[in-house]
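In my numbering, the protein residues as written are 152 to 372. Yeah, the Cβ is synthetic: ideal placement off N, Cα and C, and Gly gets one too. Owing to the predicted nature of the structure, the values given are computational and were not obtained by experimental measurement.
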Amino acid sequence: MKHIDVADLMTDEVVSVAPDTAFKDIAKLLAQYGVSGLPVVDDEDRVVGVVSQTDLLAHAAQDPHPARPDVPPAGPPTAGNVMSTPAVTIHAEETAADAARLMTRRGIERLPVVDEEDRLVGIVTRRDLLRLFVRPDSEIRRRVTDEVLTEVLGVPTGDVDVQVVDGCVTLNGCVEYRSQLPVLLSLVGQLDGVVAVASHVATRTDDTLATHACHARDVRP
């Protein structure tokens with residue numbers, strides 16, 4: 152089954168800055184484009200950091216006067232001075248689920264997308280990922296029926312009825328083997344756009360008993 156990749160969701164027209172971009176210019180770009188952060192790239196478009204509103208505010212809150220009189224005042228702040236590094240990035244071929252997990256784990260709103268040489272090719276945000284959950288119910292139903300039931304599990308057409316309402320999938324019917332049930336629920340739950348799965352699927356054959364019996368014979372002295 153095909154999952155939605157980061158490349159399918161990312162914006163490929165990315166506003167970025169160089170390490171020597173001035174503090175005020177960064178602030179202007181953030182305001183102009185209505186974004187909370189910008190990737191910082193070197194001369195070869197490799198991502199070396201990310202500068203955000205939080206970075207700018209943290210720098211602005213610092214005491215402008217040095218604690219020691221023999222320490223000269225710092226020069227004008229630049230992206231390279233205030234950026235967060237190393238940058239948290241993701242590759243275009245990774246899945247949207249991978250991006251969502253990474254954003255959640257690191258507590259960030261956007262991810263620079265890079266190619267195999269770590270060069271900037273796009274950016275993906277939490278808003279982009281939310282588009283997965285507005286996928287049409289009809290499309291989700293088609294994928295459950297065609298990809299999961301027919302292609303993967305080989306369930307005959309009509310044995311399982313699939314209903315989808317607002318991303319919530321309800322399954323009614325019967326499959327041949329009990330061992331197919333956890334696979335069915337797992338695969339449906341992993342489909343892009345699925346919010347919840349309710350199963351009312353029965354089985355004709357409990358093949359799990361035969362498996363347990365075989366294991367018991369294998370370990371018998």
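Under 8 Å: do the region 271 to 287 and the region 303 to 312 share three or more Cβ pairs, one atom per stretch? no
Residues of its chain near Leu-271, where Cβ-Cβ distance is below 8 Å and the 5 sequence neighbours each way are ignored: Val-165, Ser-167, Pro-190, Val-192, Asp-196, Arg-197, Val-198, Pro-263, Val-264 and Val-265
So the beta strand (DSSP E) Glu-164 belongs to, where does it begin and stop? For Glu-164, no beta strand (DSSP E) run applies, since DSSP gives it neither H nor E.
In the DSSP assignment, the beta strand (DSSP E) including Pro-190 goes from what residue to what residue? 188 to 192
Can the beta-carbon of Val-313 be found less than 7 Å from the beta-carbon of Arg-292? yes
Only counting the same chain, and skipping five residues up and downstream in sequence, which positions put a Cβ closer than 6 Å to that of Phe-174? Pro-228
For His-242, which residues from the same chain have a beta carbon less than 8 Å from its beta carbon, with the 5 sequence-adjacent residues on both sides left out? Val-157, Val-264, Val-265, Asp-266 and Glu-267
Three-way DSSP call (helix, strand, coil) for Arg-286 in this model: coil
Quick one: give me the first and last residue of the beta strand (DSSP E) that Val-202 is part of. 198 to 203
What's the gap between the Cα of Leu-342 and the Cα of His-154? 7 Å
Assigned secondary structure, Asp-206 (DSSP; H/G/I helix, E/B strand, else coil): Secondary structure at Asp-206: helix, using DSSP grouped into helix, strand and coil.
Going by beta-carbon coordinates alone, are Val-352 and Leu-322 separated by less than 7 Å? yes
In the DSSP assignment, the alpha helix (DSSP H) including Ser-337 goes from what residue to what residue? 331 to 341
Less than 7 Å between the beta carbons of Val-233 and Asp-206, yes or no? yes
Delimiting residues of the beta strand (DSSP E) encompassing Gly-231: From DSSP, Gly-231 is part of no beta strand (DSSP E) but of the alpha helix (DSSP H) over 230 to 233.
Locate the beta strand (DSSP E) running through Asp-312, then write down its first and last residues. 311 to 316
Return the chain-ordered list of same chain residues with a C-beta closer than 6 Å to the C-beta of Arg-355, the five sequence neighbours on each side being excluded. Glu-327
Classify Glu-327 as helix, strand or coil using the three-state DSSP reduction. strand
Strictly by DSSP, which residues pair up with Val-265? His-242 and Leu-271.
Buried or exposed (CB count within 10 angstroms, at least 16 for buried), Gln-183: exposed
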